[in-house]
C-alpha cells in the first residue's frame, strides 16, 4: 500500500536508506510512520536540510495526508513561511515562550511575525 502511494520508494526499496537523497529519506520516514496507520502524525522539522524541490514534495504529501486522509499533523518547523502556510493553527515561539497564536494564514499576515521570522 505504501509503495502504491509512493512509487519513488518502490524503485529504491532494495537500497539502504544511507544512499537515498534527503527528500527520499524524508519520504521514507513518513512512509514508515504511515505503516502504523496513525490518526496523528508528529512531524519535526520536515524541511530541514532539503533542497527546495523536496521541501515542496514533503509539504504536498503532508497536505494530502491532512486533507485527503483526515490525518491530524502536529508540526515543528523552522521555515516559518512554509510552516504557517501549512498550519490551520500556528504557535510562534520566541526564546521558548509563546509569542503569538492563531490561524496560520493570519499569522503569515501579522506584521510582528513578519518582522521576526519572515524578513518583512
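Numbering (the working numbering), first residue to last: 5 to 124. The C-beta atom is built at its ideal place from N, Cα and C for all residues, glycine as well.
Can you tell me the Cα-Cα spacing of residue 107 and residue 95, whole angstroms?
Residue 107 sits at position 103 when you count from the first residue of the chain shown. Residue 95 sits at position 91 when you count from the first residue of the chain shown. Those two C-alpha atoms are separated by around 9 Å.
Could you tell me the distance, in whole angstroms, from the CA atom of residue 16 to the CA atom of residue 46?
As a first step, residue 16 is located in the chain shown; it is residue number 12 there, counting from the start. As a first step, residue 46 is located in the chain shown; it is residue number 42 there, counting from the start. Straight-line Cα distance between these residues: approximately 25 Å.
With distance defined between alpha-carbon atoms, name the residue in 52, 36, 21 nearest to residue 9.
By 1-based counting over the chain shown, the position of residue 9 is 5. The option with the nearest alpha carbon to residue 9 is 36.
My assumption, with CB atoms under 8 Å, is that residue 112 sits in contact with residue 92. Please give the rounded CB distance.
The residue given as residue 112 occupies position 108 in the chain shown. The residue given as residue 92 occupies position 88 in the chain shown. That belief does not hold up - the Cβ atoms of residue 112 and residue 92 are roughly 13 Å apart, past 8 Å.
Quick check on residue 121: buried or exposed, where buried means 16 or more other Cβ atoms within 10 Å of its Cβ?
Within the chain shown, residue 121 is the residue found at index 117, counting from 1. Counting Cβ neighbours within 10 Å, residue 121 comes out buried, since at least 16 surround it.
Can you look up residue 70 in the DSSP assignment and give me helix, strand or coil?
In the chain shown, the residue the question calls residue 70 occupies position 66. Three-state DSSP puts residue 70 in a helix.
For residue 11, which of helix, strand or coil comes out of DSSP?
To locate residue 11, count along the chain shown from 1; it is residue 7. Here residue 11 sits in helix by DSSP.
I'd like the span of the beta strand (DSSP E) that includes residue 117, first residue to last.
For the purposes of this step, residue 117 is taken as the residue at position 113 of the chain shown. Not the beta strand (DSSP E): residue 117 falls in the alpha helix (DSSP H), residues 115-121.
Is it true that the CB of residue 54 sits closer than 7 Å to the CB of residue 27?
By one-based count along the chain shown, residue 27 stands at place 23. By one-based count along the chain shown, residue 54 stands at place 50. Their beta carbons are under 7 Å apart, which means residue 27 touches residue 54 by this criterion.
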